[in-house]
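Peer 1: Protein chains in written order, with the numbering used here: chain A, 1063 to 1176; chain B, 26 to 139. Virtual Cβ for every residue (Gly too), placed ideally from N, Cα, C. Computed from a predicted structure; not experimentally measured.
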């Protein structure tokens, strides 16, 4: 399996809702990432997990809460979001070693916050 | 932190012509430079990457050059085809372990016209 999968594909939520985005990979990668991408903009890094431990948090608001339950799964828990959080949320994974750093992206979850 | 600038923001070429996209980076510690292609509504996909110990890399119609002294790198696409139409992002990172923090350029919308 050489793909990163994400669910759901689309999500509409109100500002008081709690929802979760899910990401899965079975390539044996030990680094996983969450990015946010607004229309016509590049992906912006949010979080990095390395060996299931949070290694980078790019000063993301606490209404976004990442979780890495095991080496294949990555979740992003959402709570009390704002309309400006509407975006494409991309998950990615990579090998965690020098020289093996290609990041494979999932198809993304299109999030709309009403 | 790293800052990556990318030019041009839009590029229109005739089928069969060459296309060149240029990026500059600010952090001399960066040593990994991937290029991603993102078609409308799809995930970013790596098309080529280069590490700082190499000055040039080629893969069929695609080539990347790196000038470490000037801190710039370029993507060259020869014999362009309509299916090359997409947004192209350059990126830079320092490979240190603990995940691979990519900083993306602002993107180039390439349009290949028949």
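Determine the chain B residues that contact residue 1177(A) at a beta-carbon separation under 8 angstroms, and present them in chain order.
Peer 2: A query on residue 1177(A) cannot be resolved here, the shown segment of chain A reaching from 1063 to 1176 and no further.
Peer 1: Helix, strand or coil: which one does DSSP assign to residue 59(B)?
Peer 2: Three-state result, residue 59(B): strand.
Peer 1: Report yes or no: do the segment 1107-1121 of chain A and the segment 28-39 of chain B share at least 3 C-beta pairs separated by less than 8 angstroms?
Peer 2: Contact fails: fewer than three Cβ-Cβ distances are below 8 angstroms.
Peer 1: From the beta carbon of residue 1151(A), is the nearest beta carbon of chain B less than 8 angstroms away?
Peer 2: No, its Cβ sits nowhere closer than 8 angstroms to a Cβ of chain B.
Peer 1: Closest to residue 48(B) by CA distance: which of 39(B), 42(B), 58(B) is it?
Peer 2: It is 58(B) whose Cα lies nearest to the Cα of residue 48(B).
Peer 1: Any beta carbon from chain A within less than 8 angstroms of residue 135(B)'s own beta carbon?
Peer 2: No, because no Cβ of chain A sits closer than 8 angstroms to the Cβ of residue 135(B).
Peer 1: Using alpha carbons as the reference points, say which of 1176(A), 1071(A), 1150(A), 1131(A) lies closest to residue 1103(A).
Peer 2: Measuring from the Cα of residue 1103(A), the nearest candidate turns out to be 1150(A).
Peer 1: In chain order, what residues of the same chain lie with their CB nearer than 7 angstroms to the CB of residue 110(B), ignoring the 5 residues before and after it?
Peer 2: Taken in chain order, the residues that qualify are 135, 136, 137.
Peer 1: Any Cβ of chain A within less than 8 angstroms of the Cβ of residue 114(B)?
Peer 2: Chain A, which has a Cβ nearer than 8 angstroms to the Cβ of residue 114(B), makes this yes.
Peer 1: Quick check on this structure: which residue in 1077(A), 1173(A), 1095(A), 1076(A) has the alpha carbon closest to the alpha carbon of residue 1085(A)?
Peer 2: The candidate whose alpha carbon is nearest that of residue 1085(A) is 1095(A).
Peer 1: What ranges does the beta strand (DSSP E) occupy inside the segment 1128-1155 of chain A, keeping only unbroken runs of at least 3 residues that lie completely in it?
Peer 2: 1135-1141, all fully within the segment 1128-1155 of chain A.
Peer 1: For residue 139(B), which residues in chain A fall below 7 angstroms Cβ to Cβ?
Peer 2: What residue 139(B) touches in chain A: nothing, since even the nearest Cβ is about 24 angstroms away.
Peer 1: Using only the alpha-carbon positions, how far apart do residue 46(B) and residue 1078(A) sit?
Peer 2: Near 43 angstroms, if we compare the C-alpha coordinates of residue 1078(A) and residue 46(B).
Peer 1: Can you find a C-beta in chain A that's less than 8 angstroms from the C-beta of residue 148(B)?
Peer 2: Lying outside 26 to 139, the shown extent of chain B, residue 148(B) is not represented and no answer is given.
Peer 1: Could you name the residues of chain B that residue 1107(A) contacts, counting a contact when the two beta carbons are closer than 7 angstroms?
Peer 2: Simply 126, 127.
Peer 1: Can you confirm whether residue 131(B), when its beta carbon is compared against all beta carbons of chain A, has any partner nearer than 8 angstroms?
Peer 2: Judged by the 8 angstroms Cβ criterion, residue 131(B) is in contact with chain A.
Peer 1: Which residues of chain B have a Cβ atom closer than 9 angstroms to the Cβ of residue 1121(A), listed in chain order?
Peer 2: Ordered by position in chain B, no residue passes the 9 angstroms Cβ test against residue 1121(A), which lies about 11 angstroms from the chain.
Peer 1: Closest to residue 26(B) by C-alpha separation, out of 114(B), 102(B), 128(B), would be which residue?
Peer 2: Ranking 114(B), 102(B), 128(B) by Cα distance to residue 26(B) puts 128(B) first.
Peer 1: Among residues of its own chain, excluding the 5 on either side of residue 1158(A), which ones have a beta-carbon nearer than 8 angstroms to its beta-carbon?
Peer 2: Correct list, in chain order: 1091, 1092, 1093, 1112, 1113.
Peer 1: Considering only the alpha carbon of each residue, which of 1099(A), 1175(A), 1129(A), 1082(A) lies closest to residue 69(B)?
Peer 2: Ranking 1099(A), 1175(A), 1129(A), 1082(A) by Cα distance to residue 69(B) puts 1099(A) first.
Peer 1: Assuming residue 1173(A) is part of the beta strand (DSSP E), what are its boundary residues?
Peer 2: From DSSP, the beta strand (DSSP E) with residue 1173(A) extends over 1171-1175.
Peer 1: Consult DSSP for residue 138(B) and reduce its assignment to one of helix, strand or coil.
Peer 2: Strand at residue 138(B).
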